[in-house]
Amino acid sequence: MKLVIGNKNYSSWSLRPWLLLHAFGVPFDEHLESLAGDDLSERLRQHSDSARVPVLVDRDLSVWDSLAICEYLNAQYLSDSAWPQDAKQRAVARAVVAEMHAGFAALRQHLPMNCRAQREIEISPAVRRDIQRIDTIWSQYARPDTEGNLRLFGSFGIADCFFAPVIMRFTTYDVAISQASQAYLNSMLAHPSLQKWVTDARHETEILSEEEVGVDRA
7 MKLVIGNKNY
17 SSWSLRPWLL
27 LHAFGVPFDE
37 HLESLAGDDL
47 SERLRQHSDS
57 ARVPVLVDRD
67 LSVWDSLAIC
77 EYLNAQYLSD
87 SAWPQDAKQR
97 AVARAVVAEM
107 HAGFAALRQH
117 LPMNCRAQRE
127 IEISPAVRRD
137 IQRIDTIWSQ
147 YARPDTEGNL
157 RLFGSFGIAD
167 CFFAPVIMRF
177 TTYDVAISQA
187 SQAYLNSMLA
197 HPSLQKWVTD
207 ARHETEILSE
217 EEVGVDRA
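Positions in the sequence shown are counted from 1; adding 6 to them yields the numbering used here.
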């Protein structure tokens with residue numbers, strides 16, 4: 007099985023299924039495509055007609071879109087353990103993941119993921135509304151797992167993976183959030199799989215200028 011991803015420093019969509027695979031210990035090969043260059047679409051179409059990352063290639067099957075990949079992995083490799091087992095909690099978890107998957111456009115546009123950077127940036131009212139909504143989700147649904155780690159709905163799963171890029175954004179731009187949400191953020195930053203991604207990202211040297219926003223923090 008192969009997961010095609012973009013630059014770890016910048017590719018928020020790639021982080022989500024990569025984190026799910028790595029955290030659950032599912033064996034896979036990682037294929038990284040640089041997101042720079044005029045031939046990007048051509049290179050990505052070798053893996054999927056969508057010409058986007060991520061793409062999961064499992065034998066004769068190619069699955070694109072981060073949520074579709076995570077759903078496939080949950081069904082085929084994780085024994086349905088990446089969603090809450092309680093039906094009501096599962097429904098809510100799916101709702102917040104769908105909200106993250108489709109929404110928060112202002113946050114995505116103005117605070118791009120940049121794992122290497124520590125930046126200051128002016129927060130617009132639209133971005134602030136996105137931040138407040140995410141703060142509400144985290145503070146409402148982050149609960150200790152069996153080892154005391156704060157995870158959404160009390161167990162690591164797809165919901166945590168989908169908000170992982172936001173954790174990186176809030177860290178990069180030093181976004182102020184509630185104490186409860188900050189505790190969840192800190193707990194997730196300590197997850198070994200997320201730490202592995204960040205370490206890899208910091209070793210990358212390629213710079214995508216369009217993703218470099220804000221000014222360096224002193």
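Glycine included, each C-beta is placed from N, C-alpha and C at the ideal position. Only a predicted model underlies this, so the values are computations on that prediction, with no experimental measurement involved.
- In terms of Cα proximity to Ala99, the closest of Trp144, Val59 and Arg125 is Trp144.
- Here the alpha carbon of Gly109 sits roughly 14 Å from the alpha carbon of Ser72.
- In this structure Phe168 touches Val103 by the C-beta definition: roughly 5 Å separates them, less than 8 Å.
- When DSSP reads this structure, Lys8 sits in a beta bridge with Asp35 and Val63.
- Going by beta carbons, Phe162 and Tyr147 fall outside the 8 Å limit.
- Per DSSP, the unbroken alpha helix (DSSP H) holding Ala186 starts and ends at Gln185 to Leu195.
- Looking from the CA of Val59, the closest CA among Glu77, Arg122, Gln185 and His37 belongs to His37.
- Where Ala148 is concerned, there is no enclosing alpha helix (DSSP H), although the beta strand (DSSP E) around it starts and stops at Ala148 to Pro150.
- Across the structure, Val10 and Ala207 are spaced so that their CA atoms are roughly 15 Å apart.
- In this structure, Ala170 lies near Leu200, with their beta-carbon atoms less than 8 Å apart.
- The region 47 to 59 makes no contact with the region 21 to 31; the number of CB pairs closer than 8 Å stays below 3.
- By the Cβ neighbour-count rule, Asn192 is exposed, with fewer than 16 other Cβ atoms within 10 Å of its own.
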